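Student: 250 is the number of the first residue of the sequence shown in my numbering; add one for each residue after it. Where is the CB? At the ideal position from N, CA and C, for every residue including glycine. These figures come from a predicted structure and were not determined experimentally.
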Amino acid sequence: MSPLAYADEPRIFRIGTGGIGGTYYPIGGIIASAISSPPGARPCDKGGSCGVPGLVAIAQTSDGSVANVEAVANGSFESGFVQSDIAHWAYSGTGTFRKRKAQKSIRAIANLYPESFHVVVRDGSKIGAIRDLKGRRVSLDEKGAGALVDARLVLRAFGLRERRDFKPRYLKGDVASAQLVAGKLDAFIIVAGYPVPSVVHAVEKGNARLLHLSGKPVDALVKKHKYFSRDMISVGAYGNSAPIPTVSVNALWIANETVDEELVYQITKALWNENSRKLLDEGHQKGKRIQLSTALKGISIPLHLGAKRFYKEVGLVDD
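This is the structure we're talking about:
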């Protein structure tokens, strides 16, 4: 079907993101703008939108990766952002999806950027390392979020288990940040591309700092779970004068296999259109990391046929 077939009447395309205090939501808004071209919009060749004619993409808040997988699988969202490890577990019916139905209908559109693991603690507390979280009030992100799964894995690598070793809370990043600043929480964990608004808020209020993740526990974690990579939070991301060692996973954009192949082809093409580059570069620090050269990095599930057709055309995929 020609993209012009969508031009006469609006076609809604939802992108499941995350909470407003994370990175998924602002990145989702940028990508929604890049791929949209509502009916009546000035065409690309005349200086207008280079999105898909007739398409109106919307960034939807959600509970995060696990919730997005389920929403894409059941058709509540046409697409969504998901951590690469969660996508792998969902498709294979392993990990956090071991007791759930494997979601064989999910397909990848693109790898977007690395998501860094943040452990944010109250400044002035005597929490100098991960193991110092013992006995503390720690938010692991809300239930349904991919970060909750990762938080458990990382903390277990350091010998800590929820309830046994610390007092768990399950809060969205923005809520956790507010509670940390108010002294109602000792630490919170969020997995997202930096700078994360909820972390910025806590740090700028003068009430927070980030812990380092390094040493033998990280070595063992990365060796056991291949979707984790060593990472560094760059100088200045949160006013820090030195890089902060941590770990990361990749953020993927997925859709259901039943979403029209031609539509996904046009969406993928619009995402990587040179005119989208400015939106990505200027809209968010992580937007600069969204590059065609890494579009297939860390993809742990099959590509959507529409996306695969585009990547084949540009030489990134063989037959």
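Would you kindly report the start and end of the unbroken alpha helix (DSSP H) that includes PRO275?
Tutor: Walking along the sequence shown from the start, residue 275 turns up at place 26. Unbroken alpha helix (DSSP H) run through PRO275: 273 to 284.
Student: Would you list the residues sitting across from THR495 in a DSSP beta bridge?
Tutor: As a working note, residue 495 is residue 246 in the sequence shown. DSSP output for THR495 lists ASP480 as bridge partner(s).
Student: Exposed or buried, PRO302, counting other C-beta atoms within 10 Å across all chains shown (16 or more means buried)?
Tutor: Looking up residue 302 in the sequence shown gives position 53. Label assigned to PRO302: buried.
Student: When the Cα atoms are used, what is the spatial distance from HIS533 to PRO444?
Tutor: One-based indexing of the sequence shown puts residue 533 at position 284. One-based indexing of the sequence shown puts residue 444 at position 195. Each residue's Cα considered, the two are about 8 Å apart.
Student: Would you kindly report the start and end of the unbroken beta strand (DSSP E) that includes ALA359?
Tutor: As a working note, residue 359 is residue 110 in the sequence shown. Note, ALA359: beta strand (DSSP E), 355 to 371.
Student: Helix, strand or coil: which one does DSSP assign to ILE439?
Tutor: Here residue 439 refers to the residue found at position 190 of the sequence shown. Looking at ILE439 - three-state DSSP - the assignment turns out to be strand.
Student: Among the residues of its own chain, which have a CB less than 6 Å from the CB of TYR362, if the five just before and after it don't count?
Tutor: By one-based count along the sequence shown, residue 362 stands at place 113. Only GLY442, ALA500, LYS535, ARG538, ILE539 meet the Cβ criterion.
Student: Does the stretch 478 to 486 come within contact of the stretch 339 to 351, defined as at least 3 CB pairs closer than 8 Å?
Tutor: Counting Cβ pairs under 8 Å, fewer than three are found: no touch.
Student: Taking 7 Å as the limit between beta carbons, can you name the residues of its chain near HIS597, skipping five residues before and five after?
Tutor: Residue 597 is absent from the structure shown; the chain starts at 250 and stops at 568.
Student: Assign VAL321 to one of three DSSP states: helix, strand, or coil.
Tutor: Against the sequence shown, residue 321 aligns to sequence position 72. The answer is helix: DSSP assigns VAL321 an H, G or I state.
Student: Alpha carbon to alpha carbon, how far is LYS421 from LYS295?
Tutor: Translated into positions along the sequence shown, residue 421 becomes position 172. Translated into positions along the sequence shown, residue 295 becomes position 46. Spanning the two alpha carbons is a distance of roughly 42 Å.
Student: Taking the straight line between their C-alpha atoms, what separation do you get for SER549 and LEU470?
Tutor: On the sequence shown, position 300 is the one that residue 549 refers to. On the sequence shown, position 221 is the one that residue 470 refers to. Their backbone Cα atoms lie some 18 Å apart in a straight line.
Student: Contact defined as beta carbons within less than 8 Å: I believe VAL331 pairs with SER354. What is the distance between those atoms, to the nearest angstrom?
Tutor: What you label residue 331 is simply residue 82 of the sequence shown in a count that begins at 1. What you label residue 354 is simply residue 105 of the sequence shown in a count that begins at 1. About 13 Å; that fails the 8 Å criterion.
Student: Rounded to whole angstroms, what's the CA-CA distance from VAL387 to LYS473? Just pull it up for me.
Tutor: Position 138 of the sequence shown, counted from the first residue, corresponds to residue 387. Position 224 of the sequence shown, counted from the first residue, corresponds to residue 473. Going by the C-alpha atoms only, they are around 25 Å apart.
Student: Using beta-carbon positions only, say whether ALA504 and SER328 come within less than 7 Å of one another.
Tutor: Looking up residue 504 in the sequence shown gives position 255. Looking up residue 328 in the sequence shown gives position 79. Yes; because the gap between Cβ atoms is below 7 Å, this pair is in contact.
Student: What's the gap between the Cα of MET250 and the Cα of PHE559?
Tutor: Along the sequence shown, one-based indexing puts residue 250 at 1. Along the sequence shown, one-based indexing puts residue 559 at 310. Confidence in MET250 is poor, its pLDDT being 45 and thus under 50, which makes the residue's placement too unreliable to answer from.
Student: What are the complete beta strand (DSSP E) segments, minimum 3 residues, inside the stretch 389 to 440?
Tutor: Segments of the beta strand (DSSP E) lying fully in the stretch 389 to 440: 416 to 418.
Student: Figure out for me which residue from SER447, ILE439, ALA406, THR517 has the closest Cα to the Cα of ASP468.
Tutor: Numbered from 1 along the sequence shown, position 219 holds the residue referred to as residue 468. If we check each option's Cα against that of ASP468, ALA406 comes out closest.
Student: Pick out whichever of TYR274, ALA320, GLY324, ILE280 has its Cα sitting closest to the Cα of THR507.
Tutor: Taking the sequence shown and counting its residues from 1, the one referred to as residue 507 is at position 258. THR507 has its Cα closest to that of GLY324, out of TYR274, ALA320, GLY324, ILE280.
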